[in-house]
Amino acid sequence: MDKHLTFNKTLLVKMGLAGVLATSAAALVIGRIWKPDLQVSKLKHWELPTSFYVDVEGLQVHVTKSETSDNLAATNNCEAQSGAETLLLIHGTSASLHTWDGWTEALKEQYCVVRLDLPAFGLTGPYADDTKPYSLDNYVDTVIKVMDKLDIKRTTIAGNSLGGGIAWLTALMHPERIDRLILVDASGFKFTPKRMPIGFKLAQSPVLDGLTEHVLPKSMVRSSVQSVYADKSKVSDDLVNRYYELSRRAGNRKALTRRMREGLYQDEVKRLGEITQPTLIIWGAQDELIPIESAYKFKAAIPNSQLVVFDHLGHVPQEEDPKATVAVVKQFLRDTKSDYTKSFN
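See below:
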């Protein structure tokens, strides 16, 4: 009897030790992937020298303007400040205005380049009104309100992915404000992804609500970024760290889960033929998120459009190879300058 009791005590001690070890291991794993939100004050290093914030209905929208100004938040429009034509660049889902760094560097000498972090992303973060849907209509409204705050009467607008969808919808809803349109692997037509970033997949699953707001392994971010690049070797540690940290901006992960479920497609896609502005369509042939079939649909739907396909690039060609893609943009802007001048006058 005593031996039996001794055996049971020994077994319980071993089981208890195993449980402690298992719990400790689980805590260690969870600790490595359970990442809290970061307040904007902890992300100031992602502001640029030209960064400022524009208040839109209580939301502080992170904006940059390329021209040098003593008062970057001034409401004078870019043309009034620098005499240069304005270009407005809109990023895609889970990205930020930094995705346009290469284009901005190449264009800033001739154009006034304005960029913003969309609501739910970058340093801007979620809508001040937490009941407001992350629909394309509301994104267009935010873009126009930012333009109004900056006194930008008219602009050439460019957008990648989600930003492309916002760009063409802005041209449809506010044609008097848009002179030319540049679509970069733009959303709009329904498509079947060949490969979707794992972060997008998780955000679409209601079962994982709550978990996706707190869990963010850096390896998952790296995998997601690599999935939108054709050349995976270009996905550097610094690039991954930027996406990783800005995804953790307070409220962004929760907002992303809503964004992925709210209004990606618009009935207005049937109205693309109404767009009269000169339009440049850029696409990466290796895009596995929005396959190239959408590029040809945009080309067929928009009357005054041209399409340039880059065989070696993926879903974010402006980021993966800014030098090659911006060269096409520069040529397009030069070729359509007379159209811009007529519309502006």
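In terms of the numbering used here, the sequence shown has 213 at position 224, counting the first letter as 1, and numbering is strictly consecutive.
By construction, the Cβ of each residue, glycine as well, lies at the ideal position given by its N, Cα and C atoms.
- Each of 43, 83 and 77 was checked against the Cα of residue 233, and the nearest Cα belongs to 83.
- For residue 315, the three-state secondary structure derived from DSSP is helix.
- In the DSSP assignment, residue 284 falls within the alpha helix (DSSP H) that extends over 282 to 290.
- Cβ contact annotation for residue 47 (same chain, cutoff 7 Å, sequence separation greater than five): 117, in chain order.
- For the 8 Å CB-CB criterion, residue 228 and residue 32 do not form a contact.
- The beta carbon of residue 283 is closer than 6 Å to those of 178 and 180 in its chain, skipping five residues each way along the sequence.
- Three or more pairs of CB atoms, one per stretch, sit closer than 8 Å, so the region 208 to 228 contacts the region 299 to 315.
- In the DSSP assignment, residue 116 falls outside any beta strand (DSSP E), carrying neither H nor E.
- The beta carbon of residue 144 sits closer than 6 Å to the beta carbons of 75 and 77 from its chain, once the five residues preceding and following it are set aside; these are given in chain order.
- Pairing residue 270 with residue 295 gives a Cβ-Cβ distance under 8 Å.
- For residue 152, no beta strand (DSSP E) run applies; the uninterrupted alpha helix (DSSP H) run containing it begins and ends at 151 to 162, by DSSP.
- Between the region 157 to 173 and the region 134 to 144 there are three or more inter-stretch CB-CB distances shorter than 8 Å, so the stretches are counted as touching.
- Take residue 317, set aside five residues on each side of it, and the residues of its chain with a beta-carbon closer than 6 Å to its own are 297, in chain order.
- In the DSSP assignment, residue 171 falls within the unbroken beta strand (DSSP E) covering 167 to 173.
- In this structure, 322 is the residue among 322, 28 and 43 with its C-alpha nearest to the C-alpha of residue 267.
- The Cβ atoms of residue 123 and residue 155 do not sit closer than 8 Å to each other.
- One alpha carbon belongs to residue 113, the other to residue 104, and they sit about 12 Å apart.
- Restricting attention to 88, 28, 138 and 121, the CA atom closest to the CA of residue 44 is found in 138.
- For residue 215, the enclosing alpha helix (DSSP H) begins and ends at 207 to 216.
- Sixteen is the threshold: when 16 or more other Cβ atoms of the shown chains lie within 10 Å of the Cβ of residue 243, as they do, the residue is buried.
- The Cβ-Cβ distance between residue 261 and residue 237 does not fall below 8 Å.
- The DSSP-derived three-state label of residue 54 is strand.
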